[in-house]
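Worksheet: the structure to be examined is printed underneath.
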Amino acid sequence: MRSPSTDTRKTVIASSSAVLLAMITGCADDATPDASSPDATAQTAPGEVPAQWSYEGATGPQHWGELEDEFTTCSTGAAQSPIDVPSDPVLSSAPIELDYTNSDFQARDTGHTVELEATSPQNITVDGTEYTFQQMHYHAPSEHTLDGADYAAEFHFVHRSNDGDLAVIGVLAAEGENNPAWSPVIEAVPAAQDEDSAEVTGLTLSSLLPESLDHYEYDGSLTTPPCSESVRWLLLQSPIELGATQISELRSAHSDNNRPTQPLNDREVAQIDQ
Ligand SMILES: [Zn+2]
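Numbered according to mature numbering (1 follows the signal peptide of the UniProt record, and there is no 0), the sequence shown spans residues -28 to -1, 1 to 246.
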């Protein structure tokens, strides 16, 4: 997932996005990203070195921690995401309460995924803490795995509390029946890529979730640089289904944008049946 949780991180993300936008533009003519292009330098603050990261090669996940001082946690963090959810999580009880309402959304291409932002506040409450929806985006294939098994895609619904703490609902997607509830979102993906942004009107986020909100909870991190920790992960246990065509639509915009699973170390994963 990608989301700022502090102003500093916001700056890092913003400068990355600026470069990535330049990279996308550059990709039309040349497959090699060029950070020194006028577009990139024009959108980067003076003296700031633009951060570039990717999912392969010298700027891939194994090297994120070396690319920028701010990315060090990617290699030194002991509570990183995603993880492989073990087959024997501990039982706990902290239900997710949804307060999602009908809203319009703006879809935009970040260079690594397409994300949707709501035009009106959408909230969830977990353990008495209220979090406001920031954005939803996808990875294909999934980042989290369940006892070693991955899925065709994974959606991250990123929320933030007034104190700046992040809570992310992860939704795994398996290939199966066409899923009409997701059609407006899937249709916005190529439009966002072609035209930078696209609108999705009259959508309620809960219509995108599986019937059951039973989930795994653990303390993890952003799965993209700067890999900041203290992210409350709420990974829904039931995958949704998407049709093969819907999955190819997602993959044709962005694919293999999944960070490998990270060591669990001494963390526990709680299983919450609600
Ligand atoms: Zn994500």
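Ideal Cβ placement from N, Cα and C applies to all residues, glycine included.
In this text, all values refer to a predicted model and were calculated from it rather than measured experimentally.
{"Asked": "Hey, could you find the ends of the alpha helix (DSSP H) Asp166 is sitting in?", "Found": "155 to 167"}
{"Asked": "Could you pull out every residue in the same chain whose Cβ sits closer than 8 Å to the Cβ of Pro182, ignoring the five residues on either side in sequence?", "Found": "Val143, Leu208, Ser210, Pro211, Ile212"}
{"Asked": "Which first and last residues belong to the alpha helix (DSSP H) in which Ser53 is found?", "Found": "Note, Ser53: premise wrong, no alpha helix (DSSP H); not H, not E."}
{"Asked": "Can you find the residues in the same chain that come closer than 7 Å, C-beta to C-beta, to Asp228, ignoring five residues on each side of it along the sequence?", "Found": "Tyr27"}
{"Asked": "On the criterion of 16 or more Cβ atoms from any shown chain inside 10 Å, does Glu167 qualify as buried, or is it exposed?", "Found": "exposed"}
{"Asked": "In three-state DSSP terms, what is Thr233?", "Found": "coil"}
{"Asked": "Taking only runs of the alpha helix (DSSP H) that begin and end inside the region 175 to 226, which ones reach a length of at least 4 residues, in chain order?", "Found": "216 to 225"}
{"Asked": "Here's a check: name, in chain order, each residue in its chain whose Cβ is nearer than 8 Å to the Cβ of Ser133, leaving out the five neighbours to either side.", "Found": "Thr101, Glu102, Tyr103, Thr104, Ala139"}
{"Asked": "Ligand 1 and His128: does any heavy atom of the ligand fall closer than 7 Å to the residue's C-beta?", "Found": "yes"}
{"Asked": "Please work out which residues of its chain come closer than 7 Å, Cβ to Cβ, to Ala90, disregarding the five sequence neighbours upstream and downstream, and give them in chain order.", "Found": "Ser75, Phe77, Phe105"}
{"Asked": "To the nearest angstrom, how far is the alpha carbon of Ser92 from that of Ile244?", "Found": "29 Å"}
{"Asked": "Rank Ile96, Leu222, Asp238 by C-alpha distance to the C-alpha of His84 and give the top, closest one.", "Found": "Leu222"}
{"Asked": "Between the C-alpha atoms of Arg231 and Leu118, what's the straight-line distance to the nearest angstrom?", "Found": "15 Å"}
{"Asked": "For a test of the three-state rule: what should DSSP assign to Ala79, helix, strand or coil?", "Found": "strand"}
{"Asked": "Quick check on this structure: which residue in Ala50, Pro54, Ser59 has the alpha carbon closest to the alpha carbon of Glu126?", "Found": "Pro54"}
{"Asked": "Under the three-state reduction of DSSP, which class applies to Ala124: helix, strand or coil?", "Found": "coil"}
{"Asked": "Tell me the rounded alpha-carbon separation between Ser179 and Leu70.", "Found": "11 Å"}
{"Asked": "Give the straight-line distance between the Cα atoms of Cys(-2) and Asp81, rounded to the nearest whole angstrom.", "Found": "With a pLDDT of only 33 at Cys(-2), under the threshold of 50, the placement of this residue in the model should not be trusted, and no figure is reported."}
{"Asked": "Can you find the residues in the same chain that come closer than 7 Å, C-beta to C-beta, to Pro156, ignoring five residues on each side of it along the sequence?", "Found": "Val172, Leu175"}
{"Asked": "Given 7 Å as the limit, tell me if His111 has its C-beta closer than that to any heavy atom belonging to ligand 1.", "Found": "yes"}
{"Asked": "Could you tell me whether any non-hydrogen atom of ligand 1 is closer than 7 Å to the CB of Thr195?", "Found": "yes"}
{"Asked": "Given that a residue counts as buried once 16 or more other Cβ atoms are within 10 Å of its Cβ, and exposed if not, what is Glu20?", "Found": "Bear in mind that a pLDDT of 49 at Glu20, under 50, signals an unreliable position, so the model cannot answer this."}
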